[in-house]
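Every position in the sequence shown, counted from 1, becomes a number in the working numbering once 160 is added.
Glycine included, each C-beta is placed from N, C-alpha and C at the ideal position.
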Amino acid sequence: MADSDEVPADVEAPTPQTEAGNYSTVWSPAAAARLREIGGLREETEAPDLTEAWRPSDIATRDYPLHDDTALRPMSEDERSALLAYVERRLDLPGPPTFLACTTPGLQRTAMMSYHQTQVEGVLIADVPARARLGKHLPRQSILRELTDANARTEAGNLQMTHLLAAVQRVVFDGHYTLTFFFMSERASAAWANTELRLRECSIKLQSAENDVPGTRTSPQVARHYAVKILGTAGLDPILLHSIFSQIAGEPILDIRHPGVKGLAEYDNDYWTAIFASMDCPSLLLNVTSLVIGDTKIILHHYQHASSRPCHNCFSPAHLRARCRVPVDRRVELRATRQRRYVGGITSTSQSRFDACVTLADLDSALANLTSPPVEHLIHPEHTLLEAISVPVHDRSQHPGQNGHPAASTDLTDASGWSVIRRSQRRHGSGSGQASGRHDPAVARTGRNARAGQRASRRASSASTASMTTANPIRLPQPAQATAMETSVRTKVSSLLTAIEGDNS
């Protein structure tokens, strides 16, 4: 009943809005009681609030002067009501109420910021696949622009992104594989939970990161931890791997998981996933894609950073070809940069077997006998757990190339025991260009300078000839002159032949 024409004749019209009050329309107590009677609401507790709601968000977000701790003023009733609504989660604010600058000491205001961040804000996280290749320091505007371009291609998608951008306070990318969306409250974030979006031709899902149970981690929280896939699980002992990775990381790892039901939809699900307790890769495993444990070689796929699996020949996670094109003679050298040998101790837990476990009681007994590796056996600065793979060194200086430069050669042995030397040369070019299979900057620069000098000499010669022709033009002989000259030449040749015959006689 906001309009006066809908009010009965015996009810006094509301007072108009004034500049002194910030409220839109105020009904008198008598008019409010009469309207309750008309609506059949006799009790005060059941009556609706006919006074148009005041705007606590305006009070809690307007600009206030900053007071010193010695010049603070008490809160007004409206400010206290706004603070109560904020604490009870009935009022969504982008930060603590701004009137605290006048009523609360500085240290308490700072504590309210921590309270807002940890208790009030709602957080949703999304796993970003490695193939999306987001930059580590990608600005928030770029992320929002790419999300809008990928999801606002239809009218419904455009409306969805409009509401999402209005609800999200900020978007943060951790530089690895997690996008974090911050909302004003948990109620606002709950409305967007399990929403699927597109980003760089990849699908991401907004999931809640809140967890009220201490000591537990939800699936979105586990996805934020660093993990690697262990490829080729035939003959591997997961208990041994758990012990080894715990020693490498310096702390017990969270879990080693089987692909499970999700793995049934994958074309190659012969892998386990080792989940570390930290958010970053352990320092000993940086750029390491293969481990040698005794006589067993395992491949590590850092799938959160590299979408393709490492090559089984050169251990490179970068090339996307089905067949490895790295020459055979270079594979050993390339493997050594990405492979490490485990030289730490192997605890007794790695030798456990469950062959005799045919009942649940036997299984419980076998599991109870397992113990975690002691803390002192974990990584220590004086302990060496991983060592580099040694590479045999070939002396390539014995086979010099052209112009004194050594040729790139490879020593192989054929079936008869003879050493086969192969030199790689360029397909095109000659001279200094064929001196070596490897590019020599000095030789290439000398060749370019020589060719440039030859071109300059030819241009100068052409210009000189043209100038001489212009200054002294060649005059061709006329037909009559040509006949006289021909007669003179014949006469001289005949005289010369006669003289030669006389000398011979």
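### Message
Using C-beta distances below 7 angstroms, list every residue in its chain close to Arg650, excluding the 5 sequence neighbours before and after it, in chain order.
### Response
Cβ within range, chain order: n/a, list empty.
### Query
Quick one: what's Val328 bridged to in DSSP?
Answer is Phe343, bridged to Val328.
### Query
Are the stretch 276-285 and the stretch 329-349 in contact at 8 angstroms, needing three or more beta carbon pairs?
Yes, the stretch 276-285 is in contact with the stretch 329-349.
### Query
Within the present structure, is the beta-carbon of Ser467 separated from the nearest heavy atom of the ligand ATP by less than 7 angstroms?
In the structure on display, the ligand ATP does not appear, and there are no ligands present to speak of.
### Task
Taking Leu232 as the reference, give the member of Gly255, Asp252, Phe259 and Ala242 with the closest Cα.
Ranked by how close their Cα comes to the Cα of Leu232, the residues Gly255, Asp252, Phe259 and Ala242 have Phe259 in first place.
### Message
I need the straight-line Cα distance from Ala528 to Val448, nearest angstrom please.
### Response
So the alpha carbons of these two residues sit roughly 34 angstroms apart.
### Task
Name, in chain order, the residues that DSSP records as bridge partners for Leu527.
In DSSP, Leu527 forms no bridge with anything.
### Query
What residue ranges within the stretch 365-417 form continuous beta strand (DSSP E) runs of no fewer than 3 residues, ordered along the chain?
Correct list: 387-391 and 415-417.
### Message
Need the endpoints of the alpha helix (DSSP H) that Tyr275 sits in, please.
### Response
Counted as a single uninterrupted DSSP element, the alpha helix (DSSP H) harbouring Tyr275 occupies residues Gly266 to Tyr275.
### Task
Return helix, strand or coil for Ser217, following the three-state DSSP convention.
Here Ser217 carries a helix assignment [DSSP, helix/strand/coil].
### Message
Does Ala286 come out as helix, strand or coil in the three-state DSSP assignment?
### Response
The three-state reading of DSSP puts Ala286 in strand, counting E and B together.
#### Entry: Nearest-angstrom Cα separation, counted from Val486 out to Ala369
One alpha carbon belongs to Ala369, the other to Val486, and they sit about 44 angstroms apart.
### Straight-line gap, Thr205 to His297 (C-alpha atoms, nearest Å)
In this predicted model, Thr205 has a pLDDT of only 46, less than 50, meaning its place in the structure is not dependable; the value taken from the coordinates is given anyway. Each residue's alpha carbon lies about 55 angstroms from the other.
### Inter-residue CB distance, Arg377 and Met439 (contact presumed, cutoff 8 angstroms)
With a Cβ gap of about 12 angstroms, Arg377 and Met439 do not count as contacting.
### Message
Rounding to the nearest angstrom, what Cα-Cα distance links Lys652 and Thr658 in this structure?
### Response
Going from the Cα of Lys652 to the Cα of Thr658 covers about 10 angstroms.
### Task
Look at the Cβ atom of Ala409, then the Cβ atom of Gln464, and state whether they are nearer than 8 angstroms.
Ala409 places its beta carbon 8 angstroms or farther from that of Gln464.
### Query
For Leu226 versus Ala261, is the C-beta distance shorter than 8 angstroms?
Yes, the Cβ-Cβ distance between Leu226 and Ala261 is below 8 angstroms.
### Task
Take every Cβ of the stretch 215-225, pair it with every Cβ of the stretch 235-242, and state whether three or more of those distances are shorter than 8 angstroms.
Yes: at least three Cβ pairs fall under 8 angstroms.
### Task
Would you give the residue range spanned by the alpha helix (DSSP H) that Ala261 belongs to?
Counting along the chain, the alpha helix (DSSP H) containing Ala261 begins and ends at Leu260 to Thr263.
### Query
In its own chain, which residues sit with a C-beta less than 8 angstroms from the C-beta of Ser655, not counting the 5 before and 5 after it?
Within the same chain, Ser655 has no close Cβ partners at all.
### CA nearest to the CA of Gln320, picked from Thr355, Thr230 and Val503
With distances taken between CA atoms, Gln320 lies nearest to Thr355 out of Thr355, Thr230 and Val503.
### Query
Start and end of the beta strand (DSSP E) containing Leu460?
Note, Leu460: beta strand (DSSP E), Thr456 to His461.
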